[in-house]
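Undergrad: Let me begin by handing over the structure; questions about it come next.
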Amino acid sequence: MSAAPVPPPPNLPSSSASFHPLHTLYFCEECDAVRCNRCVAIEVSGYYCPNCLFEVPSASVRAERNRWDSAEVGITFEKPTGLAQQLQKFEDSAPEFLEFERLKDFFEPLVRATSSSHGPGNTSHSTHVNALTTAASSALARDIPGVSKGSKDDLPVYRARVEVSGASGLGAGGDGDADIMRHLESPADVSGLEQRWLSSWAEPLHARELKPIRIPLHSRLTKRCPACRHILIKPEQKAQSVRYKIKLVAANYLPAISVNLPISQTTRKSMSIAQKEDDGSTGKSTMIAGKTYPFQLSMTNPLYDPIQVRLAVQRQQLSAADEVGPGSNVEADNAKLRRPPFAVTLPSTAFSVAAFAEAWEYEDDEEMFGVDDDELLVRTGNGASPSKERSARGKVKTVGVLEKKANTTVIGGEVVLSRDGRGDVKFNMLVSYTYRSDEPQDDNEGDPKARSTAKAVPEMKTFSFYTVVNLGMIVPKEDLTSAANAMEM
Amino acid sequence: MGLQPPVYYIKSEYIETDTGNKVSRRATIAGPQNIILGGKTIIASGAIIRGDLRRTGTGHAVVISLGRYCLIGEGCVVRPPYKTYRGNFNYYPMKIGDHVHIGANSVVEAATIGSHVEIGKNCIIGKFTIIKDCAKIADNTVLMPNSVVPALAYCFGSPGQFVEDLPESTQEIVESETKAYYNRFQALES
Numbered sequence: 001m002s003a004a005p006v007p008p009p010p011n012l013p014s015s016s017a018s019f020h021p022l023h024t025l026y027f028c029e030e031c032d033a034v035r036c037n038r039c040v041a042i043e044v045s046g047y048y049c050p051n052c053l054f055e056v057p058s059a060s061v062r063a064e065r066n067r068w069d070s071a072e073v074g075i076t077f078e079k080p081t082g083l084a085q086q087l088q089k090f091e092d093s094a095p096e097f098l099e100f101e102r103l104k105d106f107f108e109p110l111v112r113a114t115s116s117s118h119g120p121g122n123t124s125h126s127t128h129v130n131a132l133t134t135a136a137s138s139a140l141a142r143d144i145p146g147v148s149k150g151s152k153d154d155l156p157v158y159r160a161r162v163e164v165s166g167a168s169g170l171g172a173g174g175d176g177d178a179d180i181m182r183h184l185e186s187p188a189d190v191s192g193l194e195q196r197w198l199s200s201w202a203e204p205l206h207a208r209e210l211k212p213i214r215i216p217l218h219s220r221l222t223k224r225c226p227a228c229r230h231i232l233i234k235p236e237q238k239a240q241s242v243r244y245k246i247k248l249v250a251a252n253y254l255p256a257i258s259v260n261l262p263i264s265q266t267t268r269k270s271m272s273i274a275q276k277e278d279d280g281s282t283g284k285s286t287m288i289a290g291k292t293y294p295f296q297l298s299m300t301n302p303l304y305d306p307i308q309v310r311l312a313v314q315r316q317q318l319s320a321a322d323e324v325g326p327g328s329n330v331e332a333d334n335a336k337l338r339r340p341p342f343a344v345t346l347p348s349t350a351f352s353v354a355a356f357a358e359a360w361e362y363e364d365d366e367e368m369f370g371v372d373d374d375e376l377l378v379r380t381g382n383g384a385s386p387s388k389e390r391s392a393r394g395k396v397k398t399v400g401v402l403e404k405k406a407n408t409t410v411i412g413g414e415v416v417l418s419r420d421g422r423g424d425v426k427f428n429m430l431v432s433y434t435y436r437s438d439e440p441q442d443d444n445e446g447d448p449k450a451r452s453t454a455k456a457v458p459e460m461k462t463f464s465f466y467t468v469v470n471l472g473m474i475v476p477k478e479d480l481t482s483a484a485n486a487m488e489m
Numbered sequence: 001m002g003l004q005p006p007v008y009y010i011k012s013e014y015i016e017t018d019t020g021n022k023v024s025r026r027a028t029i030a031g032p033q034n035i036i037l038g039g040k041t042i043i044a045s046g047a048i049i050r051g052d053l054r055r056t057g058t059g060h061a062v063v064i065s066l067g068r069y070c071l072i073g074e075g076c077v078v079r080p081p082y083k084t085y086r087g088n089f090n091y092y093p094m095k096i097g098d099h100v101h102i103g104a105n106s107v108v109e110a111a112t113i114g115s116h117v118e119i120g121k122n123c124i125i126g127k128f129t130i131i132k133d134c135a136k137i138a139d140n141t142v143l144m145p146n147s148v149v150p151a152l153a154y155c156f157g158s159p160g161q162f163v164e165d166l167p168e169s170t171q172e173i174v175e176s177e178t179k180a181y182y183n184r185f186q187a188l189e190s
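Here you go:
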């Protein structure tokens, strides 16, 4: 699809920002587009305590400002429940809290004014909901970016309650702190950085003066498409349920792709991939520079319609930085640097992947799948799949469709490594697939002739996305011995 | 149905039950009458499952129940949690759901483990831990006794702490992975 912007070359660090594993992606049917966690708009659908899994009503989240963890401190509680409220009276008079209230009073009218002029388009957010912002009204948390974006100049000047600058200010330490430190008997008497870091302002230096803190609640999120505001994810009411009322994930729309390099034992269950995808592979295969390797890509179709897939390798814009890894002492001339470290051959013709059928889900045995012999164009010669005895006959070929099984098609490709190639064999691949759209045909139902023509010219839809394929690393010949040693370890 | 190669085992080492459970002869299964395996569950060699640590009292007692498509990795120790309550020492049953993989050399004393849970290698899951559905515990994590892991949480560290939420499709991924693993776990005659 032309709309898809061309992603950066996969060997640049910035590439990881534009690719995500397929299973973390969403799909908006309305926009016919893939959405990721970074771009969706979120809203909290419920809060729960991560410690006791109690589902906290939103109203009490606002009123009680979260829950407490108890600790052995010199505070006596009158009753065992509602510790937050019992401690609140100390807290309400704390200077940092008064300051926060003042900040809220100051910003809330401003935010309201700007958000009404900006409309609902403002969807920037942070997934990490801080305890304080959770407690503050959600409007405040969500719309602060609007303030900075908007009429910055019109803001009246905010004056703090207390002047914080200077040694006498809150939490500024000074001579008093130094004195405490001098008479310290154990390092545990000082409250640690972790204990003080997350709190808003001044925390006591003495560990024994620390107050129990609230455990931030966790939340379940509803996710919406940033463009059309349609809901992509809507959790069930129960916080601990893993079912969803609405769940539009990309894995149900885009074919899953996995890669295998038959020569190496370490099969990386390399990524199921999508427009955005990340290389989550752990075990890396290694390849020797100057050789040619076959590899296999398996495409699994999640759709109920068969798809026609076409693959294309994105041409690399070459720069010296692309191929020279940091630290590698390449004294080769520029001409050599310009040459790509590898060349990938993929079948250029479109191939089909059969439709997904529920029945395949239930069958665990392998033998039931009827392999369409006519469609089995090429046989593998590398003996990578021992289950296929057919490879004995037929021409030995590695590029093309190797195997079709249920809703999975395995295709073969080939990668030729240049003699002084180095680094990861990683390339961007454009995957385009065509399928029959669900849009209802005109009422031709009664007329078989019209139906057949409709079938001949079905309403086809094409969708494409980029993905990163990582085949492994090139080992220069001179490093071979050390690599062999490393592999034995 | 990926391209991953099969995991072979020597046929004589494993006992396969009618329901497809595969139990290594080199695993220690104490008190088998108190252990329930859901089917298509693999217990690897060197694992220790203490079904003998049962509640005091008479009658039949289920000590450890495992669901379908589970994996107890090599060298794992699975034993029921215990405590002294009102002066009486007692063991308490452990329940593990379906599609739960426990990595090699982990020690599990949880009270409840939900379905679609992944536990890494070398973990220690403290007594009476409750792990909800679709949670994932990273390798080498130590969960404190009585801790709770919410659904779809990814936990890591010692002591184990919540890191992030897992994607909404975790259930499907884990289910297909555990099924694929069972299918790849094939006997080799020798």
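If you read the sequences in order, they're chains A and B.
For reference, each letter of the first sequence is one residue, going 1 to 489 in UniProt numbering.
For reference, each letter of the second sequence is one residue, going 1 to 190 in UniProt numbering.
Beta carbons are placed, not taken as given, at the ideal position from N, Cα and C, and that holds for glycine.
Small disclaimer: the values here were computed from a predicted structure and weren't measured.
1) For Thr292 of chain A, which residues of its own chain have a beta-carbon under 8 Å away from its beta-carbon, when the five flanking residues on both sides are left out?
2) Beta-carbon within less than 6 Å of Gly421 of chain A's beta-carbon, same chain only, minus the 5 sequence neighbours each way: which residues are those?
3) Can you tell me the Cα-Cα spacing of Leu102 of chain B and Pro156 of chain A, whole angstroms?
4) The alpha helix (DSSP H) spanning Asn260 of chain A covers which residue range?
5) Name, going along the chain, the residues of the stretch 129-158 of chain B whose beta-carbon falls closer than 9 Å to a beta-carbon of chain A.
6) Spatial neighbours of Thr345 of chain A within its chain, please: C-beta separation below 8 Å, excluding the five flanking residues on both sides.
7) Can you tell me whether Glu175 of chain B is helix, strand or coil according to DSSP?
8) I'd like the list of long-range same chain contacts for Asn122 of chain B, defined as Cβ closer than 8 Å, with 5 residues on each side in sequence excluded.
9) May I have the straight-line CA-CA distance separating Glu13 of chain B from Ala187 of chain B, to the nearest angstrom?
10) Whose C-alpha, out of B:Gly38, B:Met144 and B:Gln33, is nearest the C-alpha of Ile72 of chain B?
11) Drop a sphere of 10 angstroms on the beta-carbon of Gly120 of chain B, count the other beta-carbons inside from all chains shown, and report buried for 16 or more, exposed for fewer.
12) At which residues does the alpha helix (DSSP H) containing Arg182 of chain A begin and terminate?
13) Quick check on this structure: which residue in A:Phe463, A:Leu110 and A:Val309 has the alpha carbon closest to the alpha carbon of Thr408 of chain A?
14) DSSP on Lys40 of chain B, reduced to helix/strand/coil?
15) Can you check whether the CB of Tyr82 of chain B is closer than 8 Å to the CB of Tyr91 of chain B?
16) Under the three-state reduction of DSSP, which class applies to Pro187 of chain A: helix, strand or coil?
17) In the DSSP output, what is Pro294 of chain A paired with across the bridge?
18) Label Asn88 of chain B either buried or exposed according to how many other C-beta atoms from any shown protein chain fall within 10 Å of its C-beta, with 16 as the threshold for buried.
19) Out of B:Ala44, B:Arg79 and B:Gln33, state which residue places its alpha-carbon closest to the alpha-carbon of Gly59 of chain B.
20) Any Cβ of chain A within less than 8 Å of the Cβ of Gln171 of chain B?
21) What does the alpha-carbon distance come out to for the pair Tyr47 of chain A and Pro57 of chain A?
22) For Ser65 of chain B, name the three-state secondary structure that DSSP assigns.
23) Taking 8 Å as the threshold (C-beta atoms), are Leu248 of chain A and Phe27 of chain A in contact?
24) Chain A beta carbons: is any one of them nearer than 8 Å to that of Thr17 of chain B?
25) Unbroken beta strand (DSSP E) runs of length 3 or more, entirely within the stretch 76-103 of chain B: which are they?
26) Below 9 Å on C-beta distance, what does Ala251 of chain A contact in chain B?
27) Buried or exposed: Ala33 of chain A, going by 16 or more other Cβ atoms within 10 Å of its Cβ?
28) Would you mind sorting Ala332 of chain A into buried or exposed? The rule is 16 or more other CB atoms within 10 Å of its CB.
29) With DSSP collapsed to three states, give me the class of Phe342 of chain A.
30) Can you check which of these residues, A:Cys225, A:Gly423, A:Asn428 and A:Val431, is closest to Leu25 of chain A by C-alpha distance?
31) If you check the beta carbons only, do Leu221 of chain A and Glu29 of chain A fall under 8 Å apart?
32) Put Asp424 of chain A into one of helix, strand or coil per three-state DSSP.
33) On a CA-only basis, which of B:Met144, B:Ile113 and B:Ile43 is nearest Gly126 of chain B? Give me that one, please.
34) Which residues in chain B have a C-beta closer than 8 Å to the C-beta of Pro50 of chain A? List them in chain order.
35) Tell me Met144 of chain B's beta-bridge partners as DSSP assigns them.
36) Check whether the Cβ of Val242 of chain A lies closer than 8 Å to any Cβ atom in chain B.
TA: According to the structure data:
1) Glu414, Val415, Val416 and Leu417
2) Cβ neighbours of Gly421 of chain A beyond the five flanking positions: Ala289, Pro341, Phe342 and Ile474.
3) First, the amino acid is wrong: residue 102 of chain B is Ile here, not Leu. Computed Cα separation, rounded: 59 Å.
4) Taken as a continuous stretch (DSSP letters only), Asn260 of chain A belongs to no alpha helix (DSSP H), being part of the beta strand (DSSP E) at Ala256 to Asn260.
5) Ile130, Lys132, Asp133, Cys134, Ser147, Val148, Val149, Pro150, Ala151, Leu152 and Ala153
6) Val399, Gly413, Glu414, Val415 and Val416
7) helix
8) Gly103, Ala104, Asn105, Ser106, Asp139 and Asn140
9) Their backbone Cα atoms lie some 9 Å apart in a straight line.
10) B:Gly38
11) buried
12) Asp175 to Arg182
13) A:Val309
14) Note: Lys40 of chain B maps to coil in three-state DSSP.
15) yes
16) helix
17) A:Glu414
18) Result: exposed.
19) Considering only alpha carbons, the answer is B:Gln33.
20) yes
21) So the alpha carbons of these two residues sit roughly 7 Å apart.
22) strand
23) yes
24) no
25) List check, beta strand (DSSP E) in window: 82-85, 88-91 and 94-96.
26) Ser169, Glu172 and Ile173
27) buried
28) Its pLDDT being 39, under 50, Ala332 of chain A is placed unreliably by the model, and the measurement read from it follows with that caveat. Exposed, by the Cβ-count rule.
29) strand
30) Taking Leu25 of chain A as reference, the option from A:Cys225, A:Gly423, A:Asn428 and A:Val431 with the minimal CA-CA separation is A:Cys225.
31) no
32) Note: Asp424 of chain A maps to strand in three-state DSSP.
33) B:Met144
34) Val148, Pro150, Ala153 and Phe162
35) Looking at the DSSP assignment, Met144 of chain B forms no beta bridge with any residue, so it has no partner.
36) yes
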